[in-house]
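Heads up, the thing below is written out as structure tokens.
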Amino acid sequence: MSIIISPSLLSVDFLDLKTELERLNSVDDLWLHLDVMDGHFVPNLTFGEPVLNKIQTISKHKLDAHFMVTNPEFYVESFKKVGLHNFTYHWEAVSQHEELIAKIKMTYPSAGISLKPNTPISVLPLSILSKIDVILIMSVEPGFGGQKFMPESIDKIIALDQIRHENKLQFQIQVDGGISDANAGYLIQAGANNLVAGSYIFSEPNKDYAQRINKIR
Ligand code: DX5
Ligand code: ZN
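For the working numbering, count along the sequence shown from 1 and bump the result up by 1225.
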């Protein structure tokens, strides 16, 4: 599996969003990570459908939406017009997973499940792992950019990679939170294929984001 880097929009200069998206368009093979927060599942609030609808007209990258929301079912419907590639919801927000995953798969090319740092991978039955395209391991508490990477997440990635291997499954392991060139190598070695990074990429002083992305690569 190839490695995907997913810059997180949360850390861009929103006053200059168009230019920021154009800067990312000069780099290939990215997913654009979009953190949708509802101020309820997490205390923070970000952006919704009207903003993402505009973003899809400019970004050339696959749109990867990470829904930190209490009712993801609602968003499957309401984001239909946004050309999302991947729709990830939080395991902790839902009890009827099979139904929700079926809905997501009917609407979008890729379905993902995210686990908060305290949610063990043992919650995920094989029946779900065999249907899902992305498992997102949070390496910080969801809700804010710029937090410190939690090294405990590496053991979760190793264990999940082993389950994937033993059962010949295909899902990607994505990791999100506190990722930089300092820990990317360990995450890939552990089995991750998709790294989300916000503050590390967008704090590049000359806005040379390709440089930070290449450093992660
Ligand atoms: C946090 C979000 C992340 C965030 C990552 O809840 O899910 O995607 O933007 O930001 P950094 O890379 O700064 O930790
Ligand atoms: Zn995220």
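Glycine residues also receive a C-beta, built at the ideal position from the N, C-alpha and C atoms.
Under 7 Å between C-beta atoms of Gly1337 and Val1365: no
Nearest residue (CA-CA) to Glu1247, options Gln1281, Ala1415, Phe1272: Gln1281
Gly1264, buried or exposed, once every other Cβ within 10 Å from all chains shown has been counted against 16: exposed
Neighbour-count burial assignment, Asp1238, 16 or more Cβ in a 10 Å radius: exposed
For Gln1397, the first and last residue of its enclosing beta strand (DSSP E): 1397–1401
Chain-order list of residues whose beta-carbon lies under 6 Å from that of Phe1214 (same chain, five-residue window excluded): This structure does not reach residue 1214, given that the chain is present from 1226 up to 1442, and the question cannot be answered.
Whole-number beta carbon distance between Ala1290 and Val1261, since they are thought to touch under 8 Å: 6 Å
Neighbourhood of Phe1304 by C-beta distance below 8 Å, restricted to the same chain and skipping five residues each side: Glu1274, Leu1277, Ala1290, Phe1312
Exposure of Val1348, with buried meaning 16 or more beta-carbon neighbours within 10 Å: exposed
C-beta atoms of Gly1410 and Asp1386 nearer than 7 Å: no
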